[in-house]
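Top line first, the protein sequences correspond to chains A and B. All the letters of the first sequence, read from the start, carry residue numbers 703 to 1043 under the numbering used here. All the letters of the second sequence, read from the start, carry residue numbers 703 to 1043 under the numbering used here. C-beta: ideal position from N, C-alpha, C; glycine also.
2 protein chains.
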Amino acid sequence: VSGEFELIAAIRERIEAAGAPRRSPGLVLGSGDDAAITVRGGASATSVDALVEGVHFEVPPFTMREVGHKALATALSDLAAMGAEPAEAYVQLGVPTGRGEAELLELADGLGTLAAAHGVAIAGGDITAAPVLIVAVTVVGVADDAEALVLRSGARPGDALAVTGALGGAAAGLLLLERPDLEASVGREVADALRARQLAPAPRVEAGRALADAGATALIDISDGLGADAAHVAAASGVGVEIELARIPLHPGVAEIAAAAGVDPLGLAAGGGEDYELLAAFSPDAVEAARVAAARAGTNLTVIGTVAAGAEVLLRESGGGVRPPEGFDQLGPWRARADPA
Amino acid sequence: VSGEFELIAAIRERIEAAGAPRRSPGLVLGSGDDAAITVRGGASATSVDALVEGVHFEVPPFTMREVGHKALATALSDLAAMGAEPAEAYVQLGVPTGRGEAELLELADGLGTLAAAHGVAIAGGDITAAPVLIVAVTVVGVADDAEALVLRSGARPGDALAVTGALGGAAAGLLLLERPDLEASVGREVADALRARQLAPAPRVEAGRALADAGATALIDISDGLGADAAHVAAASGVGVEIELARIPLHPGVAEIAAAAGVDPLGLAAGGGEDYELLAAFSPDAVEAARVAAARAGTNLTVIGTVAAGAEVLLRESGGGVRPPEGFDQLGPWRARADPA
Chain A
703 VSGEFELIAA
713 IRERIEAAGA
723 PRRSPGLVLG
733 SGDDAAITVR
743 GGASATSVDA
753 LVEGVHFEVP
763 PFTMREVGHK
773 ALATALSDLA
783 AMGAEPAEAY
793 VQLGVPTGRG
803 EAELLELADG
813 LGTLAAAHGV
823 AIAGGDITAA
833 PVLIVAVTVV
843 GVADDAEALV
853 LRSGARPGDA
863 LAVTGALGGA
873 AAGLLLLERP
883 DLEASVGREV
893 ADALRARQLA
903 PAPRVEAGRA
913 LADAGATALI
923 DISDGLGADA
933 AHVAAASGVG
943 VEIELARIPL
953 HPGVAEIAAA
963 AGVDPLGLAA
973 GGGEDYELLA
983 AFSPDAVEAA
993 RVAAARAGTN
1003 LTVIGTVAAG
1013 AEVLLRESGG
1023 GVRPPEGFDQ
1033 LGPWRARADP
1043 A
Chain B
703 VSGEFELIAA
713 IRERIEAAGA
723 PRRSPGLVLG
733 SGDDAAITVR
743 GGASATSVDA
753 LVEGVHFEVP
763 PFTMREVGHK
773 ALATALSDLA
783 AMGAEPAEAY
793 VQLGVPTGRG
803 EAELLELADG
813 LGTLAAAHGV
823 AIAGGDITAA
833 PVLIVAVTVV
843 GVADDAEALV
853 LRSGARPGDA
863 LAVTGALGGA
873 AAGLLLLERP
883 DLEASVGREV
893 ADALRARQLA
903 PAPRVEAGRA
913 LADAGATALI
923 DISDGLGADA
933 AHVAAASGVG
943 VEIELARIPL
953 HPGVAEIAAA
963 AGVDPLGLAA
973 GGGEDYELLA
983 AFSPDAVEAA
993 RVAAARAGTN
1003 LTVIGTVAAG
1013 AEVLLRESGG
1023 GVRPPEGFDQ
1033 LGPWRARADP
1043 A
């Protein structure tokens, strides 16, 4: 590598070699100038997300490829949570001295492969030295009009609350990465699947669009944890939420890993976060059609609770007890030391 | 601060208190949901830029306010370099444990004040713990259509090459920050102005739009250094560039600081970077009108060279010699240690 611009060119080449398109509909100028140019009507949804080494991941257990994949995946998950169709991504890389060009190209490969899968053009970026590896991603998605996008704020008392896929896998995967001995409780194949939920999550882009089309009144992705994200919907919608913990679909292997580790499987599913499934509210009479739409988009949709009047977020145990929502705090390490009180 | 969401709310409040608008034209949903929503026709220009503590700044000499200002300023400068009208910004903050809430609110104040000055809505963001302070900004600007935006690639042999404002101030300001004794050569007032060029640069947003309207064939902001940025224009346009160093307008005080420090003032002006002035190419018969347009936008426009056939970038000394272009390498610290060869 003879300089910044040669490295950028090599990264761009690897992203394209992975199949990421040079253009998305409406992108008339991609990376290489002072800014990218898009021309299109309709509505755009824009979201930013960042992964920081030592906070969100370590290499290992993550490979550089998985870091690139996950950085884009978490950003695309926010577009899924609007029901938007991904169009472009912009990538800001911070690279520490310990990472050579070959590793950065692996990261580009992971990012480019996921971009290819979703037809996302990497339309711009920025690269700089940094003390740790940082991948900050801005994504832009599109929809015919603003009404086609689903906010957190539309849930109404009486709505059903449902989740895509199954929960707890990412948290169980994290446990497995910390304690390889737990693998014996589920076997290699299930353990691999659980680790993949943590290392290379799949954003529910198609399901998000399907649920939006099916009339979701509120939509959010489960990144902070089911309880915390349900609380976001409740706060934004001015409603309460009741979730029956026993109805939460558990990812295969979560129960076994939890038992082997001596932790509560529902804690992993409701508080663990990073599953990047979708939580949606629907008028009760729209649920069946939504389930069919989700199935067409490749995932289950499971009703786990209801939207209520008030403002309380209740996670009901099958025995009748309730527990408070908890979730991952992005600022945990910062708060723990910055505010020792 | 009791958590991530309270801190985000406090930052958002401070940005609005500084006068940043809640909405820009076309922004129908601002921060707080999974993504912001815009609805508009015409063309959009999108660019990303990041400032990393220890690479781009240290606190001190920067205040937190100046860090917030400069992070947005450098991003807006990329929109100026397209001739776009700034509309929204998205801000990703990485915060180390050593920075308390009050400092982060100062940063928000600097960012919000500049956003207010340019009518930019802070439409979203992300905050996370990080080992050093990181401010990554995505900006979106608008124009009536893609043809109204000016790329780097339109310069033609025979065009005049011109710069706004004056150069070398940011590099001289950096010298002053490293060596306060140099202040005696220019006095306090000029020294303050030079330091401000480094600490709180003003993006040439209005001038950029004026130069685009006046028919600039190519446009770039001078962030890497005049020589390096001229080389970007040359490469993108498939042309050569000749700059007469003696014609470069020097910022007041640069000559004196350079003399006191024993360095070449033209080195500061042509290689120093971070001036965030604009470099534009014009058909010779468009130069006079462009000068008038720039003056209306509050700045000078000075012809410093010409666009030539070929691919060479020549910086001509008044004695007849030439020097190669040089500039700031964002990856300097990375390359120095990652590729010791």
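Run through DSSP, which three-state label would residue i get?
i               : result
E706 (chain B)  : helix
R1018 (chain B) : strand
A995 (chain A)  : helix
P788 (chain B)  : strand
S749 (chain A)  : strand
D923 (chain A)  : strand
T776 (chain A)  : helix
V842 (chain A)  : strand
D1041 (chain B) : At D1041 (chain B) the pLDDT is 44, less than 50, meaning the model places this residue with poor confidence; the figure from the coordinates comes in the next sentence. It is coil, neither helix nor strand.
G1007 (chain A) : strand
E979 (chain A)  : coil
D828 (chain B)  : strand
D931 (chain B)  : helix
I717 (chain B)  : helix
G756 (chain B)  : coil
I959 (chain A)  : helix
R949 (chain B)  : helix
A722 (chain B)  : coil
T815 (chain A)  : helix
S733 (chain B)  : strand
V892 (chain B)  : helix
A902 (chain A)  : coil
L877 (chain B)  : helix
I738 (chain B)  : First, the residue type needs correcting, since residue 738 (chain B) is Ala and not Ile in the sequence shown. Here A738 (chain B) sits in strand by DSSP.
L851 (chain A)  : coil
Using a Cβ-Cβ cut-off of 8 Å (strictly less than) and excluding sequence neighbours within five positions of residue i, which residues of its own chain qualify?
i               : result
V1005 (chain B) : A862, L863, A864, R949, V989
A823 (chain B)  : A722, P723, R724, R725, S726, L729, G732, A789, E790, A791, A817
A775 (chain B)  : L816, A902, P903, A904, P905, Y978
Near residue i, what residues of its chain come up, given a Cβ to Cβ distance below 6 Å and the 5 sequence neighbours on each side ignored?
i               : result
G780 (chain B)  : The sequence shown places Asp at residue 780 (chain B), not Gly. Once the five neighbours on either side are set aside, the close Cβ partners of D780 (chain B) are S749.
T1001 (chain B) : T866, G867, A909
I717 (chain A)  : A810, G814, I824
S914 (chain A)  : Residue identity differs from the one stated: residue 914 (chain A) is Ala in this sequence, not Ser. The answer, listed in chain order, is G785, V852.
T840 (chain B)  : V750, Y792
Would you grab the beta carbon distance between residue i and residue j for me? Rounded to a whole angstrom, and I think it's under 8 Å.
i              : j              : result
Q900 (chain B) : G875 (chain B) : 3 Å
L661 (chain B) : A893 (chain B) : What is shown of chain B runs 703 to 1043, which leaves residue 661 (chain B) out entirely.
A720 (chain B) : D811 (chain B) : 5 Å
G929 (chain B) : L869 (chain B) : The Cβ separation is near 11 Å, so there is no contact.
A912 (chain B) : A995 (chain B) : 4 Å
V757 (chain B) : A832 (chain A) : 7 Å
A992 (chain B) : I739 (chain A) : In fact, because the Cβ distance is near 22 Å, the residues do not count as touching under 8 Å.
A850 (chain B) : A916 (chain B) : 12 Å between Cβ atoms; not a contact.
A838 (chain A) : A747 (chain B) : A838 (chain A) to A747 (chain B), Cβ: 19 Å. No contact.
Just tell me which of the options has its CA closest to the CA of residue i.
i              : options                          : result
A879 (chain B) : B:V761, B:R1018, B:L731, B:E706  : Before going further, note that residue 879 (chain B) is Leu rather than Ala in the sequence given. If we check each option's Cα against that of L879 (chain B), B:V761 comes out closest.
E694 (chain A) : A:L753, A:G1021, A:G826          : Absent from the structure is residue 694 (chain A), since the part of chain A shown begins at 703 and ends at 1043.
D846 (chain A) : A:V1024, A:R1025, A:A997, A:R742 : A:R742
A933 (chain A) : A:V797, A:A1010, A:A838          : A:A1010
G734 (chain B) : A:A783, A:G734, A:L835, A:F984   : A:A783
F707 (chain B) : A:A916, A:L980, A:D736, A:D931   : A:D931
A963 (chain A) : A:G821, A:H771, A:L884           : A:L884
A982 (chain B) : B:A711, B:I922, B:A904           : B:I922
A895 (chain A) : A:A777, A:P954, A:T840           : A:P954
A711 (chain A) : A:G800, A:A777, A:G826, A:G770   : A:G826
A918 (chain A) : A:R897, A:E891, A:S887, A:D987   : A:D987
Skipping 5 residues on each side, what residues in its chain have a beta carbon closer than 7 Å to that of residue i?
i              : result
S855 (chain B) : A920, A938, S939
G936 (chain B) : Checking the sequence, you will find Ala at residue 936 (chain B) rather than Gly. Closer than 7 Å at Cβ, skipping near neighbours: G942, V943, A1013, V1015.
P967 (chain A) : G870, L952, V956, A957, A960
V797 (chain B) : L806, I829, A831, A832, L835
E787 (chain A) : G843, V844, A845, R911
R801 (chain B) : L835
A773 (chain A) : L753, L813, V837, V839
S998 (chain A) : Residue identity differs from the one stated: residue 998 (chain A) is Arg in this sequence, not Ser. These residues qualify, in order along the chain: A912.
L877 (chain B) : L884, I959, A963
Below 7 Å, is the gap between the Cβ of residue i and the nearest heavy atom of the ligand ADP?
i              : result
A775 (chain A) : Summarising the ligand content, the structure contains no ligands, and the ligand ADP is consequently not present.
| Taking contact to mean at least 3 C-beta pairs separated by less than 8 Å, is the segment 804 to 822 of chain A in contact with the segment 751 to 768 of chain A? | Yes, the segment 804 to 822 of chain A is in contact with the segment 751 to 768 of chain A.
| said: When you compare the segment 841 to 858 of chain A with the segment 963 to 978 of chain A, are there three or more beta-carbon pairs, one atom per stretch, that lie closer than 8 Å? | reply: Because the criterion of three Cβ pairs below 8 Å is not met, the segment 841 to 858 of chain A and the segment 963 to 978 of chain A do not touch.
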